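K.L.:
Quick note: the sequence shown uses my numbering, first residue 1, plus one each step. Note that beta-carbon positions come from the ideal geometry of N, C-alpha and C, so glycine has one too. Nothing here was measured: the structure is a model prediction, and the numbers come from that model.
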Amino acid sequence: MDLGGWLRRLGLEQYEAAFRENEIDDTVLPNLTAEDLKDLGVGIVGHRRKLLDAIAALRAAAGAPVPLSDASSATCKAAKDTAERRQVTVMFSDLVGSTSLSARMDPEDLREIISAYQTCIADTVRRFGGFVAKYMGDGVLIYFGYPQAHEDDAERAVRAGLDAIGAIGELKFSVPLQTRIGIATGLVVVGDLIGTGSAQEQAIVGETPNLAARLQNVAKPNAVVIAESTRRLLGSLFDLADLGLQDLKGIDAPARAWAVLQVSSVESRFEALHGSGLTELVGRREELDLLLRRWRRAASGEGQVVLLAGEPGIGKSRLIAALQERLQIELHTSLRYFCSPQRVDSAFYPIITQLERAAGFLREDTPEAQLEKLAALLVQASPPQEDQALLAELLSIPFKGRFLPLQLTPRGKKEKTFEALLRQLHGLAQQRPVLMLFEDVHWIDPSSRELLDLVLERVQHLPVLLVITFRPEFERIWAGQTHFTMLSLSRLDRREGAALVQQLVGAGTLTSDVVSEIVERTDGVPLFLEELTKVVLEADDRGARTALAHVSRTALAIPATLHASLMARLDRLGSPAREVAQVGAAIGREFSYELLRAVAQRNSAELDDALDQLVSAELIFRRGMPPDAEYSFKHALVQDAAYGTLLRGGRHKLHAAIGKALELLLPERASIEPELLAHHFAEAGQADTAISYWLKAGRRAAERSADQEAVRHLRRGLEMLTTLPHSTQKDQQELEFQLALGTPLAAQHGYGNPLVGAARDRAIALCEKLGDTENLLPSLYGQYAYCIASGRIPKALEYSQRCQSLAAHTGDRVARLIAHRAMGASLLEIGEFEAAKAQLEQILAIDRVEMDQALSVLYLADPHSSGLAYLALSLWALGYPDQAVAARQKAFEHAISANHANTSGIVGIYAGAQLSVLLGKMADVNNYVENLSAQLGSRVPLWAISCGQILSGWAIGCAEQLEGGIALMKQGIHAAEQQVRFHSPHYHSLLAVLQARAGDMQGSLSTIKKATELIAETGEYLWQADVLRIEGELQLLFGASMEAEASLVQALELARKQRARSFELRVAMSMARLWRDRGKGNEGRELLAPIYDWFNEGFDTRDLKEAKALLEELT
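1) Which of the three DSSP states, helix, strand or coil, is assigned to residue 258?
2) Going by C-alpha distance, which of 359, 808, 622 and 979 is nearest residue 749?
3) Short of 7 Å in beta carbon distance, which residues of its chain neighbour residue 80, apart from the five on each side in sequence? Order them along the chain.
4) Please tell me whether residue 894 and residue 848 are closer than 8 Å, where the distance is taken between their beta carbons.
5) Put residue 135 into one of helix, strand or coil per three-state DSSP.
6) Please check the pair residue 1059 and residue 840, which I expect to be a contact at CB under 8 Å, by giving their CB distance rounded to whole angstroms.
7) Buried or exposed: where does residue 17 fall if 16 or more other Cβ atoms within 10 Å of its Cβ makes it buried?
8) Does the beta-carbon of residue 1116 have 16 or more other beta-carbons within 10 angstroms, so that it is buried, or is it exposed?
9) Please report the straight-line C-alpha distance between residue 241 and residue 157, rounded to a whole angstrom.
10) Can you look up residue 1095 in the DSSP assignment and give me helix, strand or coil?
11) So for residue 683, helix, strand or coil by DSSP?
12) I need the straight-line Cα distance from residue 1118 to residue 729, nearest angstrom please.
13) Given this structure, state the Cα-to-Cα distance separating residue 767 from residue 468, to the nearest angstrom.
14) Pick out whichever of 669, 874, 646 and 699 has its Cα sitting closest to the Cα of residue 683.
15) What residues are listed by DSSP as bridge partners for residue 84?
16) For the alpha helix (DSSP H) containing residue 992, name the first residue and the last one.
17) Anyone know if the C-beta pair for residue 120 and residue 171 falls short of 8 Å?
18) Hey, quick one: how far does the alpha helix (DSSP H) through residue 1053 stretch, first residue to last?
19) If you check the beta carbons only, do residue 786 and residue 802 fall under 8 Å apart?
20) Take residue 633 as the anchor and find which of 620, 644 and 1093 has the nearest alpha-carbon.
21) So does the region 123-136 actually touch the region 101-111, counting three or more Cβ pairs closer than 8 Å?
22) Taking contact to mean 3 or more Cβ pairs, one atom from each stretch, closer than 8 Å, check whether the region 491-506 and the region 528-537 are in contact.
23) Spell out the partners DSSP gives residue 244 in its beta bridges.
24) Closest to residue 630 by C-alpha separation, out of 659, 694, 362 and 25, would be which residue?
25) So, for residue 229: in the same chain, excluding its five sequence neighbours on each side, which residues have a beta-carbon less than 7 Å away from its beta-carbon?
26) Comparing alpha-carbon positions, which option in 918, 574, 1091 and 243 lies nearest residue 1102?
27) Could you check whether residue 245 and residue 225 sit closer than 8 Å to each other, using their CB atoms as the reference points?
28) Between the alpha carbons of residue 96 and residue 618, how many angstroms are there, rounded?
29) What separation, rounded to the nearest whole angstrom, lies between the Cα atoms of residue 345 and residue 654?
30) I'd like the span of the alpha helix (DSSP H) that includes residue 801, first residue to last.
31) If you drop the 5 nearest sequence neighbours on each side, which residues of the same chain put their C-beta closer than 7 Å to that of residue 626?
32) Considering only residues of the same chain and omitting the five flanking positions on each side of residue 829, which have a CB-CB separation below 6 Å?
33) So, is residue 937 buried or exposed, given that buried needs 16 or more other C-beta atoms within 10 angstroms?
34) Return the chain-ordered list of same chain residues with a C-beta closer than 7 Å to the C-beta of residue 359, the five sequence neighbours on each side being excluded.
35) Quick one: Cα of residue 666 to Cα of residue 54, how far?
36) I'd like the span of the beta strand (DSSP E) that includes residue 439, first residue to last.
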């Protein structure tokens, strides 16, 4: 044992020298006491407590029955509770007319009748595996499914009831005897031993026994009445009469009841496959041939994708195994990825586990050893060194000093990781064909789904066969491509089913009748066939095998009857094996021997014996040998069946023990997979601990740009927070969640989404309640950003003012920087250009330091770069086009050093493309949009894509490609409405101009009206003068000269009020042209000349060139 490493994982490496000086090794360590630790110099109580807990965990891992900690001394024995959750079919039988018999007969004679009646019922039900739970006067309570489960308990109960009626009728007494029987099926808690002596019974809790008793009252003499829950498990095995809804005492809602008439002669229906000739993989020859054909095509360089769908247990994994077996003799590379139901929110889980398996990582490997193994794995594909660093980080392997630090944003790192993994696939495929298997993608995490989508695009031109398996309910968008094949697995027909049974029997023998019963009962589901056959083969005596004469002929329902079949096998293995299976099921689909031993609290011999039984029964698979063995349940349904028997209290205790064991034995999992510990502590009902891990999980996912996973983790934590009592600590925790939630929500849904606003608003309220000024600024700024993006400009100004007040109060440099940025942009939006310029120029007076790079994440963009972008727009509006271009240049310089996607989007769109539109430099517009796409790739923010489409559409339309330009602008405007409403009036006014040029005058007027409405709705007065000018020019085209002049006069007054010289120049040109056409050219010149003469820069811009030409014309 690495003593130093053990102490370092506990954060107590300072005691290593003392431990070594006193010759503490792995044989002594587990026996150390608190007094020993004091003698070793561990004087701090907290350190001593931490060491004692860790030592207790070591003792538990060694097989000694020692608790994981003082706080959980009995928690790990949950699986040994007597009571269990079970699916049980309950029968209640009552002697008809017992009251009148008691009035007419001698008590001793009546006693003989009741005794004979009870004995007859008991003997009958026992033949069908029923358990007599209680004699209740002249009634009998019977369980089917407890304490011994059978795969067909519902049918056994009904058959037993029908046989009991016949048997009671054969009893020879002076009066004929009759009985009524009620049967119901459902989940119950059963097994608590209550009472003493003759009154002792196995208690059952739940609605099911009461329902069975009430249905017995509905039955006529010598009749069996069943509940709907039982009928669903019987199919058409019996002829039934619908008794309709019954109002039953003690049952909340009317219950449907059915009278059993007789055993039906109808056979089960099968979905037949028309396969010819059976191979080792029974009934799947055609499917396997198809896969092999796709492999041949892929191996020749024409990549293929097979989408393999099928219900649970239908044989997807078995078909994959057969394909692998057939390809063993061919030179190829096999890559296999498994998704997990407990890892649907763990980013890259199947990718990480595949890499760890392929590299051959061991628990005791040091980071250096892991890096060497990873390098050896990757060298096959000859990747660049950056790929090794990226994948080392993906696997959470420290690599400081070995590789250069990754200077990437979370999203950039994620994209680079995608590229590295794709290069790995490409490199392997260049050497030999690749068989890539992605299994159970109905449990795939969003990040792995993104990667899989990229792989689907790439494989077409690689020698790769990608097979993806999933359940039918999985929603997929993959279809319609030539290299895709959809393959759905159906059930086996009778011949195929019988062949599978014989294959499982091997050298043993089963009669043809028994085989036929198995095939009929399982209705062609391979897993069901396997499980039921094993139940028969595991029977120890002929009587158990011949009991199949009474088994169900219906197709098994999922999960009820399969659960019963699996529980039958677990029960037959005995209590220890079943209890170990329950503990394993609580851990997860896969579990290690080390963790199981710590939680199960059994000695090694008992644990090994139980695991051997489970492995021999093929309920679980083992990889490696104890104590390094890893186990997995054969099927998710096997895990569900074992876990489903645990009571809530038992589940809580087990999950608490698992979480504690993970913390003590595997502390690295807490940092790598905090969502796993969050899950276990949440299931344990330990809300405080679970909440802490959900927050860590959310932050970790957000850092890796796994935005969907981050939102899910954080919302889980917030949901758990609502269960805690009100306190200051709770408010502080919620604030941390709300602050963490805003950024991934914005990335997922857009900055203007109401969900983002709600998170920011709540964060502000919590900051104010707690008096937390440190977090108030990012909360206020976040809400400002939401308001400005969603078109709530007056509210954005309010939050900007609050940022400014806070900055003035604190005097903090960052607060001043952020406040000037927010205030300047808000003033720009309301058309107060000089005030906006003054605020934004203050940013230039605050020196940029290296630590400002971190502000991009917290405040959505680099304040210097984005502030300069808005300053460029302000300068243009005020009549300083050359200064605007200079500000743009500085903005781009800062954005490059910031290396932040949203910052690059703001600068590229507003300072780049939009300013080029205002300057009339149409050729530059598309350049800026294309450069942004080339720079960021898939990291371009969605809002920037939409705005880029709008501005590119305008440039295209101005190049006389009106139809294409209009279509692109409409597409961008529609998309932007879902993300940001920033500058929407301006975009609508530009669209109106193109529509007018294309001759769509009605569409043009409708669009300019929308622009006017948006200004009134959002308060974005920045563009109002220009919108009024364009509205006037459109009215003039319609011949509405007076209305046009009125609009232009209003636009001119507004531009002068805003001191917006560039807008004033544009309006003056429009009015001068109007007056010229009316023969008032001198008045037009008198209006335009002084405005033009005011300008002292920008004479190469379109507006000033046009103004000069117009003045010369008017001379």
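P.N.:
Let me lay it out:
1) Start at 1 with the first residue of the sequence shown, and residue 258 comes out as number 258. Here DSSP, grouped into helix, strand and coil, assigns residue 258 to strand.
2) Taking the sequence shown and counting its residues from 1, one reaches residue 749 at position 749. If we check each option's Cα against that of residue 749, 979 comes out closest.
3) Taking the first residue of the sequence shown as 1, we reach residue 80 at position 80. Any answer about residue 80 is weak, because its pLDDT of 36 lies below 50 and its placement is not dependable; what the coordinates show is given next. Residues of the same chain with a CB within less than 7 Å of the CB of residue 80, apart from the 5 flanking positions on each side, are 579 in chain order.
4) Counting from one through the sequence shown, the residue named residue 894 turns up at place 894. Counting from one through the sequence shown, the residue named residue 848 turns up at place 848. Yes. Within cutoff.
5) Here residue 135 refers to the residue found at position 135 of the sequence shown. In the structure shown, residue 135 sits in a strand (DSSP, three-state: E or B).
6) Working through the sequence shown from its first residue, we reach residue 1059 at position 1059. Working through the sequence shown from its first residue, we reach residue 840 at position 840. With a beta-carbon spacing of about 16 Å, residue 1059 and residue 840 fall beyond the 8 Å limit used to define contacts.
7) What you label residue 17 is simply residue 17 of the sequence shown in a count that begins at 1. Exposed, because fewer than 16 other Cβ atoms sit within 10 Å of the Cβ of residue 17.
8) Because the chain spans 1 through 1115 in this model, residue 1116 falls outside it and cannot be assessed.
9) Working through the sequence shown from its first residue, we reach residue 241 at position 241. Working through the sequence shown from its first residue, we reach residue 157 at position 157. Approximately 17 Å, taken between the alpha carbons.
10) Residue mapping note: residue 1095 aligns to position 1095 of the sequence shown, counting from 1. If DSSP states are grouped into helix, strand and coil, residue 1095 belongs with coil.
11) Mapped onto the sequence shown, residue 683 falls at position 683. Residue state for residue 683 is assigned as helix, using DSSP reduced to three classes.
12) Lying before the first or after the last residue shown, residue 1118 is absent from the chain, which here runs from 1 to 1115.
13) Residue numbering aside, residue 767 sits at position 767 when the sequence shown is read from its first letter. Residue numbering aside, residue 468 sits at position 468 when the sequence shown is read from its first letter. Cα to Cα, residue 767 sits roughly 48 Å from residue 468.
14) Taking the sequence shown and counting its residues from 1, one reaches residue 683 at position 683. Closest in C-alpha terms to residue 683, from the list 669, 874, 646 and 699, comes 646.
15) Walking along the sequence shown from the start, residue 84 turns up at place 84. In the DSSP assignment, residue 84 is bridged to 190.
16) Taking the sequence shown and counting its residues from 1, the one referred to as residue 992 is at position 992. Element bounds for residue 992: 984-997.
17) Position 120 of the sequence shown, counted from the first residue, corresponds to residue 120. Position 171 of the sequence shown, counted from the first residue, corresponds to residue 171. Contact: yes.
18) What you label residue 1053 is simply residue 1053 of the sequence shown in a count that begins at 1. Start and end: 1041-1058.
19) Position 786 of the sequence shown, counted from the first residue, corresponds to residue 786. Position 802 of the sequence shown, counted from the first residue, corresponds to residue 802. In this structure, residue 786 sits away from residue 802, with a CB-CB distance that is not shorter than 8 Å.
20) The sequence position of residue 633 within the sequence shown is 633, counting from 1. Measuring from the Cα of residue 633, the nearest candidate turns out to be 620.
21) Taking 8 Å as the limit for Cβ pairs, the verdict is that the region 101-111 does not touch the region 123-136.
22) Flag = yes, the region 491-506 and the region 528-537 touch.
23) As a first step, residue 244 is located in the sequence shown; it is residue number 244 there, counting from the start. BP columns for residue 244 point to 257.
24) Sequence index remark: in the sequence shown, residue 630 carries index 630 (1-based). The candidate whose alpha carbon is nearest that of residue 630 is 362.
25) Translated into the one-based positions of the sequence shown, residue 229 becomes position 229. Cβ neighbours of residue 229 beyond the five flanking positions: 184, 185 and 186.
26) For this step, residue 1102 is matched to residue 1102 along the sequence shown. Checked all of 918, 574, 1091 and 243; the closest Cα to residue 1102 is 918.
27) If you number the sequence shown from 1, residue 225 lands on position 225. If you number the sequence shown from 1, residue 245 lands on position 245. No, they are not a contact pair.
28) Here residue 96 corresponds to residue number 96 of the sequence shown, with the count starting at 1. Here residue 618 corresponds to residue number 618 of the sequence shown, with the count starting at 1. So the alpha carbons of these two residues sit roughly 48 Å apart.
29) In the sequence shown, the residue the question calls residue 345 occupies position 345. In the sequence shown, the residue the question calls residue 654 occupies position 654. If I take the Cα positions, the gap works out to 22 Å.
30) The sequence position of residue 801 within the sequence shown is 801, counting from 1. Segment 793-810, the alpha helix (DSSP H) holding residue 801.
31) Here the question's residue 626 lines up with position 626 in the sequence shown. So the list reads 593 and 608, once near-sequence residues are dropped.
32) Here residue 829 is taken as the residue at index 829 of the sequence shown, counted from 1. Within the same chain, residue 829 has close Cβ partners 793, 1020 and 1022.
33) As a first step, residue 937 must be located in the sequence shown, where it is residue number 937. Exposed, by the Cβ-count rule.
34) Taking the sequence shown and counting its residues from 1, one reaches residue 359 at position 359. Once the five neighbours on either side are set aside, the close Cβ partners of residue 359 are 373, 374 and 377.
35) Your numbering for residue 666 matches position 666 in the sequence shown. Your numbering for residue 54 matches position 54 in the sequence shown. Distance between the alpha carbons of residue 666 and residue 54 is about 11 Å.
36) If you number the sequence shown from 1, residue 439 lands on position 439. Counting along the chain, residue 439 sits inside the beta strand (DSSP E) bounded by residues 434-439.
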